[in-house]
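Notes follow once the structure below has been shown.
Numbering (our numbering), first residue to last: 873 to 1016.
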């Protein structure tokens, strides 16, 4: 049984914590052969490195967005990388426009699809109304 401690298990990031728990489970799994265990741990390492790269990219893009001067009345809603340029999606009451924010920072991919800057706000759902029960209440109210 492995009692190895991983730095990622102390991280504030829940994804890194989950990957650390996964690796610990793999190391403690007696049903896996050595080669299977090695391959699965390497896969978890690739996942961790990919997640850390995405976090770094998001931070660099957010810094670039905050440094971009937008036209009056516009607000930043998304960001993308296209043909080596960072572009900020700016929205106003009158429409939407992509504003160039300069060249891509070092180490960032040349093309990244558009990403929203803020989580999309969910409109609260109305409670479900059973139409049959509503009709029965309506008829009962009329009879009373």
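Note that the Cβ used here is the ideal one computed from N, Cα and C, for glycine as well. Nothing here was measured: the structure is a model prediction, and the numbers come from that model.
Status (buried if at least 16 other CB within 10 Å, exposed otherwise) for residue i
i: residue 978; result: exposed
i: residue 945; result: exposed
i: residue 992; result: Since pLDDT at residue 992 reaches only 46, below the 50 mark, its modelled position is unreliable, and no value is offered.
i: residue 933; result: buried
i: residue 1001; result: exposed
i: residue 891; result: buried
i: residue 888; result: buried
Whether residue i touches residue j by CB criterion (8 Å)
i: residue 936; j: residue 958; result: yes
i: residue 961; j: residue 949; result: yes
Residue of the options minimising C-alpha distance to residue i
i: residue 912; options: 895, 927, 923, 902; result: 895
i: residue 920; options: 878, 968, 948; result: 878
i: residue 885; options: 928, 1012, 962, 990; result: 928
i: residue 925; options: 939, 905, 984; result: 984
Coarse secondary structure for residue i, derived from DSSP in three states
i: residue 947; result: strand
i: residue 992; result: Caution is warranted here: a pLDDT of 46 is assigned to residue 992, below 50, making its placement in the model unreliable, and the coordinate value is therefore given only provisionally. Correct three-state label for residue 992: coil.
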